[in-house]
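Trainee:
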Amino acid sequence: MSEQEAEWCGVRVVIDDATVGLLEMSVPDAEPDQRPIFRVTSSTASLVAHDFELYMPSLVRMAHDWKEKKGRRMRELEAERRGGSA
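Numbered per our numbering, the sequence shown spans residues 1276 to 1361.
(1) Beta-carbon within less than 7 Å of Met1349's beta-carbon, same chain only, minus the 5 sequence neighbours each way: which residues are those?
(2) Using the Cα positions of Met1331 and His1325, report the straight-line distance between them to the nearest angstrom.
(3) How should Leu1329 be labelled, buried or exposed, when 16 other C-beta atoms within 10 angstroms of its C-beta is the threshold for buried?
(4) Which first and last residues belong to the alpha helix (DSSP H) in which Val1323 is found?
(5) What's the C-alpha gap between Glu1282 and Ala1354?
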């Protein structure tokens, strides 16, 4: 399996032809330093590169939504941690 990396809208892109979906994003986890990652096939990467301006608003929205989910996840974990120590 060959992987390549790129960046779209400030988000790391891993080009991996073993990717099942058209475009996948990492799932927010408990790791505070986790960052969003787009995982795409080489054909998806080529399609986006061909007309980046068309896809950019969706990519920005997806990255924003991921960051919102990550923030919620971190707040939930903090609340659980505080609740467990009370």
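Just so it is clear, CB atoms sit at the ideal spot from N, CA and C, and this is done for glycine as well.
Mentor: Working from what's here:
(1) Taking the sequence shown and counting its residues from 1, one reaches residue 1349 at position 74. Excluding positions up to five away in sequence, the list reads Pro1307.
(2) Here residue 1331 is taken as the residue at index 56 of the sequence shown, counted from 1. Here residue 1325 is taken as the residue at index 50 of the sequence shown, counted from 1. So the alpha carbons of these two residues sit roughly 12 Å apart.
(3) Taking the first residue of the sequence shown as 1, we reach residue 1329 at position 54. The residue is exposed, with fewer than 16 neighbouring Cβ atoms inside 10 Å.
(4) Reading the sequence shown from its first residue, position 48 is the one you call residue 1323. Note, Val1323: alpha helix (DSSP H), 1317–1325.
(5) Mapped onto the sequence shown, residue 1282 falls at position 7. Mapped onto the sequence shown, residue 1354 falls at position 79. Using only the alpha carbons, I get a separation of about 33 Å.
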